[in-house]
Amino acid sequence: MTAHLSFSERLLAWFDRHGRKDLPWQQSATPYRVWVSEIMLQQTQVSTVISYYQRFMARFPDVRALASAELDEVLHLWSGLGYYARARHLHAAAQHVCSVYDGVFPTDLEAMQTLPGVGRSTAAAILSLASGVAEPILDGNVKRVFARHAGIDGWPGDVAVQRRLWALAETRMSTTRPGPYNQALMDLGATLCTRAQPRCEQCPVRGDCVARLGARQSELPTPRPRRVQPLRSTTMLLVENAEGRILLEQRLPVGIWGGLWAPPECPPDWEPTAFCHERLGVVAAVIRELPGFRHTFSHFQLDIRALHLRTQGGSDRVMEGPERVWYNSRLPDARGLAAPVQRLLASLRDEP
DNA sequence: AAATCGGGGAG
DNA sequence: CTCCCAGATTT
Numbered sequence: 001m002t003a004h005l006s007f008s009e010r011l012l013a014w015f016d017r018h019g020r021k022d023l024p025w026q027q028s029a030t031p032y033r034v035w036v037s038e039i040m041l042q043q044t045q046v047s048t049v050i051s052y053y054q055r056f057m058a059r060f061p062d063v064r065a066l067a068s069a070e071l072d073e074v075l076h077l078w079s080g081l082g083y084y085a086r087a088r089h090l091h092a093a094a095q096h097v098c099s100v101y102d103g104v105f106p107t108d109l110e111a112m113q114t115l116p117g118v119g120r121s122t123a124a125a126i127l128s129l130a131s132g133v134a135e136p137i138l139d140g141n142v143k144r145v146f147a148r149h150a151g152i153d154g155w156p157g158d159v160a161v162q163r164r165l166w167a168l169a170e171t172r173m174s175t176t177r178p179g180p181y182n183q184a185l186m187d188l189g190a191t192l193c194t195r196a197q198p199r200c201e202q203c204p205v206r207g208d209c210v211a212r213l214g215a216r217q218s219e220l221p222t223p224r225p226r227r228v229q230p231l232r233s234t235t236m237l238l239v240e241n242a243e244g245r246i247l248l249e250q251r252l253p254v255g256i257w258g259g260l261w262a263p264p265e266c267p268p269d270w271e272p273t274a275f276c277h278e279r280l281g282v283v284a285a286v287i288r289e290l291p292g293f294r295h296t297f298s299h300f301q302l303d304i305r306a307l308h309l310r311t312q313g314g315s316d317r318v319m320e321g322p323e324r325v326w327y328n329s330r331l332p333d334a335r336g337l338a339a340p341v342q343r344l345l346a347s348l349r350d351e352p
């Protein structure tokens, strides 16, 4: 009976009944108000954005108010949202609109994208939601909806996949009600076609959704390829003195565990005891090797090998160099220890 | 603990 | 071009 309704017709009918039409930026949806909301929504979900948005609008009611503000104040109102480069772009773009476009937002897609922080999708959202221009959007929610409904395989970040998604976005664009259609797409992705546990029973386009028909909702969109994590390795020297304390040194402020305290690392081409003597000034002998383990960072993995050493002949004066302490792990103080270091210290405590 | 999100900037 | 990043939140 409803088999002949198009994608956009079904979506719009659902939107008219269930879509959100009372969000702050939907009231008197000017390009300025929509733009600010879109930038905030790129990084944060609706429920969090609302209060930030209202404070922001109360202070900067129009683009001229924003353009003439101090960046510091803009950042202050952004505090807690994260992605502070976007607040800087927002401020710069406001000044751009005032100086180049005399305070009036551009009305075509190309010009809109000259604003810092505004790419194709954000430009299209502003034009369609505020001015009813029929330009398709493609944010994360919409990519998920299309990838599932049309059964588009492949990671959406991949150029070829992105091209297919944009093509689909163009062909499905509603020319009769562009604004509500784009809002409906975003609402569908945010409320029903969610990343985990989508509520397909309530979806207006479930009838011809490729993912649902193939029970592939959880596989689409294809997740980002797990990049092969580089594997590094290190040997940590747990040097224990006569009082049962462990030598820790403060790491350089840059790089992993910057500024945190950790046992000295033995370079691969050094004998551990020689390294202790010549680089740390400590005479120590290896007692045993502790069980090694693998620690996963966001961008690499680290195989950690740990040697337990004991100082010889009361040697516990250390050389100049990085900040070093003999640390009593039974009486932990306030210094920062990386998780793997805590784990190593704990294993020494439990099994000395 | 891992994935995420649209655009900018580096390589 | 292609790759990588921000950074708080969600799962």
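Counting in UniProt numbering, the first sequence runs from 1 upward without gaps.
Built from N, CA and C at the ideal position, the CB exists for glycine as well.
Since we're looking at a predicted model, the values are computed, not measured.
Looking at the DSSP output, D303 shares a beta bridge with S233, R294.
Pairing S128 with P178 gives a Cβ-Cβ distance under 8 Å. For G313, the CB contacts under 8 Å within the same chain, skipping 5 residues up- and downstream, are V283 in chain order. In terms of Cβ geometry, V142 and A262 do not form a close pair [threshold 8 Å]. Every alpha helix (DSSP H) stretch that sits fully inside the UniProt domain "HhH-GPD" (40-191) and reaches 4 residues is listed by chain position as 46-59, 63-67, 71-78, 84-100, 109-112, 120-131, 140-149, 159-172, 178-191. By a beta-carbon distance limit of 8 Å, S68 does not contact Y53. Their separation comes to about 20 Å.
Below 8 Å, enough C-beta pairs join the segment 212-225 and the segment 148-159 to call them touching: three or more. The distance from the Cβ of R349 to that of R330 is about 7 Å, consistent with a contact at the 8 Å cut-off.
Close CB contacts of I137 within its chain, under the 6 Å cut and outside five residues either way in sequence, are with S121, A124, A125, N182 (chain order). Three or more Cβ pairs closer than 8 Å define a contact, and the segment 17-36 meets that threshold against the segment 49-63. The criterion of a C-beta distance shorter than 8 Å is satisfied by L237 and L307. Taken in chain order, the complete alpha helix (DSSP H) segments of 4 residues or longer contained in the segment 247-279 are 272-275.
When the five nearest sequence neighbours on each side are left out, the beta carbons in the same chain lying within less than 8 Å of the beta carbon of E323 are those of E249, Q250, in order along the chain. Ranked by Cα distance from R206, the first of S218, L192, E70 is L192. Contact check for P204 and W14: beta-carbon distance about 4 Å, within the 8 Å limit, so the pair qualifies. Distance check between R343 and each of S131, R55, R310, P291 places P291 closest, using alpha-carbon atoms only. Short of 6 Å from the beta carbon of W35, and not among the five residues preceding or following it, lie these beta carbons of its own chain, in chain order: I126. In the three-state scheme derived from DSSP, where H, G and I count as helix and E and B as strand, V282 is classed as coil.
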